[in-house]
Amino acid sequence: MTLAIRCRDLVKTYPGKPPVEAVRGLDIDVAVGECFGLLGPNGAGKTTTLEIVEGLLDATSGDVEVLGLKWKTDATAIRSRIGISLQETKLADKLTVRETVVLFRSFYPNGRTPDAAIAAVSLEEKANSYVVKLSGGQRQRLAVACALVGEPELLFLDEPTTGLDPQSRRQLWDVIREFKNMGRTVVLTTHYMDEAERLCDRVAVIDQGKVISLGTPAELINRLGGEHVLEFAVQEADRAKLKLESLKRLPSVSNATEQAGEWVLALSEPHVTIPALMDHLRSIPVRLAKLTTRSATLEDVFVTLTGRHLRDGDSQL
Amino acid sequence: MNRYAALMQLTLARFREFYREPAAVFWVYGFPLILAVALGVAFRERPVERIRIDIANDGSGGTALAEAWKLRLATDKKLEVTLHDRETCQKRFRTAKTDLVVTPVSVDGKSVPVPEYLSEPNRPESVLALGAVEVALIRSDHPEIPIPKVSTIEEPGGRYIDFLIPGLIGINLMGGGLFGIGFVIVDMRVRKLLKRFLATPMRKSDFLISLMLSRLLFMTIEMIFLVTFAYFAFGVKIQGNPIAYAAMILLGGMAFAGIGLLLACRAKTIETVSGMMNAVMLPMYVVSGVFFASDRFPEIVQPIIKALPLTALIDALRAIANEGAGFAEVALPAATLAAWGIMSFTLAMRWFRWN
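Protein sequence lines correspond, in order, to chains A and B.
Counting from 1, one number per residue, gives the positions in the first sequence under my numbering.
Counting from 318, one number per residue, gives the positions in the second sequence under my numbering.
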């Protein structure tokens, strides 16, 4: 496996009182040709990690290699081989889409023609529009076009679809898949679970500056001990009668948590668990108020790992 | 890609962003011209055409005496005399409708009536009026006094507008350099565009040179406008070496661009950089002699005032335009400007923050 990115024991501490430890000893390997996702809530250290790898921030300590090169010695060489879309860059309002892409193209020694980059993100019709006239999704696609125009081997996208409508998100996913299908590497951060599940070959769940879980989306879900989730609530008056411990002992249940007045069970075989649960509830007795089942998602992985939701404390949405 | 493609594209982008913002075009190009017109017209030195005199007709001399004095004053064609009662005269004087109130008073024991004046020593035209009335009264009593011959200086270079135009050029270069560079950089930093550029293989020197080039371009257009306008509208000419004049403008423009770069090199918000720019510009507006000569300030602060870039620039431009100076005479202000430019560029390059 050839590595596109190799991080060892990455640490970033922002000076202050008290100092903020944004990244605390992070190891990441990204293989050439894979789409790698950094997952985590705001403030987890995703953007800091990404910016260190992109050469925009200096790490406090630790090693970073990008495409086998080091920032200290080969900055320009790395920069001409990577493409970046930052979180919320505001490109010049009064330049047209084409002028913006032509400007970025002029920075790179090699690359696509500006029109090809614009076509790759399906902005041909807007090529002569000012940036200020574009919608949020179109701006984000323009940002990706600017990242693609240098024909990068490695593409970094920091929350590429945050705040976009569902259709714009899908359009961007298509652009990313197309890039990946050319055998190139993508690293993205997101706090959308569906985005990670659809796009990423592997994800690293990051919380408080550390990787707390790493693997393919399916692996992470399997690690929950079950790919099904059952959520139920009981009548208000009966709540105190139900014990978490007894739920954990139900057949095929691997984990049980209480979240906002509801019980959430991770399980592998719903047809075994549900009858057993019903019997258990009747025997206490408690009356059921609500019951749903669904497939497990990365969100459940995150909640199980941290006890918090990914979007908790999210100020942007 | 061509070695100069990025430099060209960056400069082009600045240029496009500028001319696509009509408000910016107006404030950079239109406003200085309007200011020049307004100030030029307001302070245009035309010979004093008329002096307004009120004679009170209800003094102890009565209307007859007032009429007689009006005739005496008629020997000076500039004097425009009207008769009113004393109260009206005073009211007209207070509201600046007349420059002087004369009341002929008969004093006991004197054969001729004596004028009593109502004047205001802080109003130049009132002082002028008093003198003119005195002379006219004396001349009417002594017609034998010969009329002296008076020749006037009318050569350009000494008028207020000749003094003003270099001042306006100076504040334009200062504002343009500080805003045109400082504001743009901080705006790009706030928008994270600087960071985005940093993430590309773009040469940082290309970026900074493009800012300077576009500034140079805007400045050239601006200066051609202003100098041509001053020539055609007011006949303001450059008496000395025009190449030295252009060189000083260039040097001044670059020095202020450097200061703009320095102010913007670390500022994180538009508010910060605006405050800093005002702190830098305001003292110079006041002391550097834009609208009146800076040597009116106390002797002790003169060395400091002379060391300011705006003073150096304006003094040099005035010396060339109005006193016919060439390169040699403006060596000191030129060196001052160059020092400011080099110092601010060097510090800015050292401290510049991209993100």
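All residues carry an ideal CB built from backbone N, CA and C; glycine is no exception.
{"query": "Identify every run of the beta strand (DSSP E) within the segment 238-276 of chain A, keeping only runs that are complete inside it and at least 3 residues long; order them along the chain.", "result": "253-259, 262-267"}
{"query": "Does the Cβ of P152 of chain A have 16 or more other Cβ atoms within 10 Å, making it buried, or fewer, making it exposed?", "result": "buried"}
{"query": "Is the Cβ of E334 of chain B closer than 7 angstroms to any Cβ of chain A?", "result": "yes"}
{"query": "Kindly list the residues whose CB is nearer than 8 angstroms to the CB of I78 of chain A, restricted to its own chain and excluding five residues on each side of it in sequence; keep chain order.", "result": "G55, V66, L67, L69, W71"}
{"query": "Would you say the beta carbon of E88 of chain A comes nearer than 6 angstroms to a heavy atom of the ligand HEM?", "result": "Looking at this structure, you won't find the ligand HEM or any other ligand, since it has none at all."}
{"query": "Kindly confirm or deny that the segment 596-614 of chain B and the segment 483-492 of chain B touch, where touching means at least three C-beta pairs closer than 8 angstroms.", "result": "yes"}
{"query": "Among the residues of its own chain, which have a CB less than 7 angstroms from the CB of L664 of chain B, if the five just before and after it don't count?", "result": "L579"}
{"query": "Tell me whether the beta-carbon of G658 of chain B lies closer than 7 angstroms to the beta-carbon of M571 of chain B.", "result": "yes"}
{"query": "Determine, using beta-carbon pairs with one atom in the segment 494-502 of chain B and one in the segment 562-577 of chain B, whether at least three such pairs fall under 8 angstroms.", "result": "yes"}
{"query": "At 4 residues or longer, what runs of the alpha helix (DSSP H) sit wholly inside the segment 333-405 of chain B?", "result": "339-342, 348-359, 379-390"}
{"query": "Buried or exposed for S428 of chain B, please, with buried defined as at least 16 other CB atoms from any protein chain shown within 10 angstroms of its CB.", "result": "exposed"}
{"query": "Can you look up F107 of chain A in the DSSP assignment and give me helix, strand or coil?", "result": "coil"}
{"query": "Given this structure, state the Cα-to-Cα distance separating T48 of chain A from A550 of chain B, to the nearest angstrom.", "result": "59 angstroms"}
{"query": "Using a C-beta to C-beta distance shorter than 8 angstroms, which residues of chain A count as neighbours of K512 of chain B?", "result": "L56, L86, T89"}
{"query": "Note the first and the last residue of the continuous alpha helix (DSSP H) segment covering G592 of chain B.", "result": "587-604"}
{"query": "My assumption, with CB atoms under 8 angstroms, is that K273 of chain A sits in contact with L250 of chain A. Please give the rounded CB distance.", "result": "Sequence check: residue 273 of chain A is Thr here, not Lys. Yes, T273 of chain A and L250 of chain A are in contact; Cβ-Cβ is about 6 angstroms, under 8 angstroms."}
{"query": "Assuming M621 of chain B is part of the alpha helix (DSSP H), what are its boundary residues?", "result": "Per the sequence shown, the amino acid found at residue 621 of chain B is Ile instead of Met. 619-624 is the extent of the alpha helix (DSSP H) around I621 of chain B."}
{"query": "Identify, in the order they occur along the chain, each residue of the same chain with its Cβ nearer than 8 angstroms to the Cβ of V96 of chain A, setting aside the five sequence neighbours on each side.", "result": "This sequence places Thr at residue 96 of chain A; Val is not what is there. Excluding residues within five positions, the ones whose Cβ falls inside 8 angstroms are A127, N128, S129, Y130, V131."}
{"query": "For E125 of chain A, does the three-state DSSP call read helix, strand or coil?", "result": "helix"}
{"query": "May I ask you to list the residues that DSSP assigns as paired with R24 of chain A?", "result": "A:V11"}
{"query": "In chain order, what residues of the same chain lie with their CB nearer than 7 angstroms to the CB of A117 of chain A, ignoring the 5 residues before and after it?", "result": "V101, A145, L148, V149"}
{"query": "Classify L317 of chain A as buried or exposed, calling it buried when 16 or more other Cβ atoms lie within 10 Å of its own Cβ.", "result": "Caution is warranted here: a pLDDT of 35 is assigned to L317 of chain A, below 50, making its placement in the model unreliable, and no coordinate value can be reported."}
{"query": "Whose CA, out of B:L495, B:P518, B:L390, B:G557, lies closest to the CA of M536 of chain B?", "result": "B:L495"}
{"query": "Taking A296 of chain A and A266 of chain A to be in contact with their CB atoms under 8 angstroms, please state how far apart those CB atoms are, rounded to whole angstroms.", "result": "6 angstroms"}
{"query": "Anyone know if the C-beta pair for I368 of chain B and D416 of chain B falls short of 7 angstroms?", "result": "yes"}
{"query": "Per the contact definition of three or more C-beta pairs closer than 8 angstroms, is the segment 19-32 of chain A in contact with the segment 201-218 of chain A?", "result": "yes"}
{"query": "Taking Cβ positions only, does R337 of chain B come closer than 7 angstroms to chain E?", "result": "Among the chains of the structure shown, chain E does not appear; the protein chains present are A and B."}
{"query": "If you follow the alpha helix (DSSP H) that K46 of chain A is part of, which residue opens it and which one closes it?", "result": "46-53"}
{"query": "Using a 10 Å radius around the Cβ and a threshold of 16 neighbouring Cβ atoms, would you call H364 of chain A buried or exposed?", "result": "Lying before the first or after the last residue shown, residue 364 of chain A is absent from chain A, which here runs from 1 to 317."}
{"query": "Any chance you could list the beta strand (DSSP E) runs of at least 3 consecutive residues sitting entirely within the segment 175-214 of chain A, in chain order?", "result": "185-190, 202-207"}
{"query": "With the cut-off set at 7 angstroms, would you say S443 of chain B and E451 of chain B are in Cβ contact?", "result": "no"}
{"query": "Against chain A, does K521 of chain B count as a neighbour if the rule is that its beta carbon must be under 7 angstroms from one of theirs?", "result": "no"}
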